[in-house]
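Residue numbers (the numbering used here): 605 to 842. Ideal Cβ positions, reconstructed from N, Cα and C, are used throughout, including at glycine. What follows is a single structure, written as structure tokens, with notes after it.
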Ligand SMILES: [Zn+2]
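Given below as structure tokens:
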């Protein structure tokens, strides 16, 4: 019974997406100066590799002070009927790592899941499953960053209310990185990278929905580190 209800829910979600796809297409063809936003067609034309390339080029524009100028409100209007983001990015909540800015993306381009320490939990996985399986995003990115306060807190084994349980999710990365302390920047960054790898492993192991799409090659999964001192995103090797 619960299974049936869930299936019906998914069908209505899919219907909502395809209905708005039609609305989006007609808005694009009618408006002569319609701004470039992701549509169902542009999203469908992308592969995991080309989606990754878009993010790499966007960060290069950011670092080179060559960001695109955008009519933001026109993009608001153009995306009101639906969204077709090409990637879903799990990033830390850190105020120095705003994902749309550092990847030079506009409205409707990427899904952002932001939580301290870019940790994975069931709700994060559910959000990624929605982004890929229901909305059609081609790439899942786990983005850590240098000088991460959550990583430092995990290294120090800090305890504070609900934060204690969150930091515990980073502990496997601390253990995997050997001894060190939170005052050592290189060590903190080493743990941040291990934490990204840990999150990617959890995505593969705890989401059969995403695993199936990865195996089929319809979705990609990459890890990256954002340097808060240079603005550069470095993608990690597979
Ligand atoms: Zn952080």
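Asked, Found
"What did DSSP end up calling residue 665 once you bin it into helix, strand or coil?", "helix"
"Use the C-beta contact count for residue 838: other C-beta atoms within 10 angstroms, 16 or more gives buried, fewer gives exposed.", "exposed"
"In whole angstroms, what is the alpha-carbon distance linking residue 766 and residue 815?", "30 Å"
"Does the Cβ of residue 754 lie closer than 7 Å to at least one heavy atom of ligand 1?", "yes"
"Which same chain residues, not among the five before or five after residue 841, have their C-beta less than 7 Å away from its C-beta?", "none"
"Would you mind stating whether residue 662 and residue 707 have Cβ atoms separated by less than 8 Å?", "yes"
"Would you mind reading off the limits of the beta strand (DSSP E) that contains residue 747?", "743 to 749"
"Which same chain residues end up closer than 7 Å to residue 775 when comparing Cβ atoms and leaving out the 5 residues on each side of it in sequence?", "758"
"Have a look at the DSSP bridge pairing and note the partners of residue 691.", "714 and 743"
"On the DSSP bridge list, what partners appear for residue 829?", "748 and 838"
"Is it true that the stretch 801 to 812 meets the stretch 721 to 739, where meeting means three or more beta-carbon pairs spaced less than 8 Å apart?", "yes"
"Flag residue 788 as yes when its Cβ comes closer than 7 Å to any non-hydrogen atom of ligand 1, and as no otherwise.", "no"
"What's the gap between the Cα of residue 559 and the Cα of residue 683?", "The structure shown does not extend to residue 559, since the chain is modelled only from 605 through 842, so no value can be given for it."
"Taking buried to mean at least 16 other C-beta atoms within 10 Å of its own C-beta, is residue 650 buried or exposed?", "buried"
"Compute the minimum distance between the beta carbon of residue 835 and the heavy atoms of ligand 2, and state whether it is under 7 Å.", "This structure does not include ligand 2; its bound ligands are ligand 1."
"Should the stretch 741 to 748 be regarded as contacting the stretch 689 to 702, the criterion being three or more beta carbon pairs within less than 8 Å?", "yes"
"Take residue 853 as the anchor and find which of 817, 764, 761 and 700 has the nearest alpha-carbon.", "Residue 853 lies beyond the stretch modelled for the chain, which goes from 605 to 842, so this question has no answer here."
"Going by DSSP, what residue range makes up the alpha helix (DSSP H) through residue 734?", "That residue, residue 734, is in no alpha helix (DSSP H); it is neither H nor E in DSSP."
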